[in-house]
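Presented below is the structure to which this report refers.
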Amino acid sequence: MFDISPHSAYTIRNHMLCANEAPVPFERSPNQSGDFAPRGIILHDTAGRLEKGNAVNWFLKPEAKASAHLTIERDGSVTQQVAFNRRAWHAGKSCYSGEEGVNAFAFGIEMVNLGRCNKLRDGSIQPWFKGDYRDGTDGLHFAFAASRAHGKGWWLDYTAAQIRTVTAIAQSLIEKYQLSFIAGHWEIAPGRKIDPNPLFPLEPLRNALLGAKGEQGGPIVIADANLRRWPSYADNVIRVLEKGTPLTIIRSGHYKPLGHAELWHLVDAGDQQGWVNGTLIDLD
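Start counting at 1 in the sequence shown, then tack on 252, and there's your number in our numbering.
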């Protein structure tokens with residue numbers, strides 16, 4: 253699925269993306285700021301109409317109060333709207349490995365997709381904006397899928413051209429800026445965001461581009477630990493995490509289950525989320 257070549261068609265010059273040595277289209281969004289130190293990539297769905305340029309035009313409007321560094325269309329073409337040395341406004345309220353404000357340290361890449369859809373009695377598939385789509389029409393393919401992070405729904409697949417473009421660009425960004433992670437929006441804003449949808453091959457992409465270098469799963473359990481529904485010692489154990497279990501920290505806080513403040517982490521253990529006492533996790 254992933255063509256990892258040492259010579260990507262995409263290069264970066266002066267913080268601008270080039271395809272085959274020529275700059276890609278650039279439509280500067282007013283929704284950006286400075287003070288940016290990139291360490292990773294966040295992948296998004298536009299969750300809007302599929303017409304080419306729709307998302308790019310939205311990010312041109314100040315009232316959008318949002319932007320991305322790049323938008324990748326269904327045909328694999330890409331538009332840049334924020335230079336790579338500037339902060340795009342794509343993540344909102346977010347946290348990665350215990351660090352809040354992900355806009356400050358991650359590139360935002362948008363992929364044109366509908367987001368979660370419903371299937372109606374007449375067989376049509378309807379996104380939130382009430383458009384009328386059908387499986388197999390106009391080259392669109394939908395599938396029903398459900399996950400803990402995404403819930404249930406009908407989802408539009410990603411085109412091979414989109415996946416090729418995302419892979420090649422992410423590879424160039426990782427090499428240029430020495431990035432260490434790729435994450436979905438749903439991973440940094442759990443419960444608030446569900447993009448990219450469950451049909452996107454996020455884990456295979458991470459493995460192909462980062463392998464053991466990724467920050468995902470960096471923190472580990474240093475002794476058998478109880479994964480709990482909330483930060484307390486009440487009868488709320490979900491399951492026992494074995495020593496060495498890799499974790500992703502969603503957020504952290506100090507709580508007083510025994511009357512004194514203790515550090516607890518809300519973690520993702522790969523198939524479940526829950527709270528673990530901070531003394532039981534190695535963050536290195």
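Ideal Cβ positions, reconstructed from N, Cα and C, are used throughout, including at glycine.
Same chain only: Cβ atoms within 7 Å of A521, ignoring 5 sequence neighbours per side: Translated into positions along the sequence shown, residue 521 becomes position 269. Around A521: L479, L493, T497, L499.
Contact set for N337: own chain, Cβ-Cβ below 7 Å, skip 5 residues either direction: Taking the first residue of the sequence shown as position 1, residue 337 is located at position 85. The answer, listed in chain order, is H267, F288.
Paired residues, beta bridge with T531 - DSSP: What you label residue 531 is simply residue 279 of the sequence shown in a count that begins at 1. T531 is not bridged to any residue.
Closest residue to L372 among M363, L366, K382 (Cα-Cα distance): In the sequence shown, the residue the question calls residue 372 occupies position 120. Comparing Cα positions, the closest option is K382.
CB of R458 within 7 Å of CB of I421, strictly: As a position in the sequence shown, residue 458 is number 206, starting the count at 1. As a position in the sequence shown, residue 421 is number 169, starting the count at 1. One thing to note: R458 has its Cβ no nearer than 7 Å to the Cβ of I421.
Cβ neighbour criterion (16 or more within 10 Å) applied to K445: To locate residue 445, count along the sequence shown from 1; it is residue 193. It is buried - the Cβ of K445 has at least 16 other Cβ atoms within 10 Å.
Below-7 Å beta-carbon distance, R444 vs any chain B residue: Among the chains of the structure shown, chain B does not appear; only one protein chain is present.
Straight-line Cα distance separating A299 from D409: Reading the sequence shown from its first residue, position 157 is the one you call residue 409. Reading the sequence shown from its first residue, position 47 is the one you call residue 299. Cα-Cα distance, rounded: 13 Å.
Length of the line joining the Cα atoms of L295 and S399: The residue you call residue 295 lines up with position 43 of the sequence shown. The residue you call residue 399 lines up with position 147 of the sequence shown. Straight-line measurement puts the Cα of S399 at about 18 Å from the Cα of L295.
Outcome for T331 when other beta-carbon atoms lying within 10 angstroms are tallied against a minimum of 16: Residue 331 sits at position 79 when you count from the first residue of the sequence shown. It counts as buried.
Beta strand (DSSP E) runs wholly inside the region 334 to 421, at least 3 long, in chain order: With a minimum length of 3 residues, the continuous beta strand (DSSP E) runs that stay inside the region 334 to 421 are 358 to 363, 394 to 399, 403 to 408.
Where the beta strand (DSSP E) through V330 begins and ends: One-based indexing of the sequence shown puts residue 330 at position 78. Following the DSSP letters along the chain, one finds V330 inside the beta strand (DSSP E) bounded by residues 330 to 332.
Nonlocal neighbours in the same chain, by C-beta distance under 6 Å from L384, ignoring five residues either side: Translated into positions along the sequence shown, residue 384 becomes position 132. Before going on, a small fix: residue 384 reads as Asp here, not Leu. Only S376 meet the Cβ criterion.
Residues bridged to G286 (per DSSP): Taking the sequence shown and counting its residues from 1, the one referred to as residue 286 is at position 34. The partner list for G286 (beta bridge, DSSP) is empty, contrary to what the question assumes.
Cβ neighbour criterion (16 or more within 10 Å) applied to N218: Shown here, the chain extends from 253 to 536; a query on residue 218 therefore has no answer.
Strand pairing of H506, partner residues [DSSP]: Here the question's residue 506 lines up with position 254 in the sequence shown. Residue pairing for H506: DSSP places it in a beta bridge opposite L515.
Close-in-space but distant-in-sequence residues of the same chain around P379 (CB under 7 Å, 5 per side omitted): As a working mapping, residue 379 is identified with position 127 in the sequence shown. By the criterion of a C-beta distance shorter than 7 Å, P379 is surrounded in its chain by L366, G367, C369, once the five residues flanking it on both sides are discounted.
Burial state of E325, where buried means 16 or more other Cβ atoms lie within 10 Å: Here residue 325 refers to the residue found at position 73 of the sequence shown. The residue in question, E325, is buried, as its Cβ has 16 or more Cβ neighbours within 10 Å.
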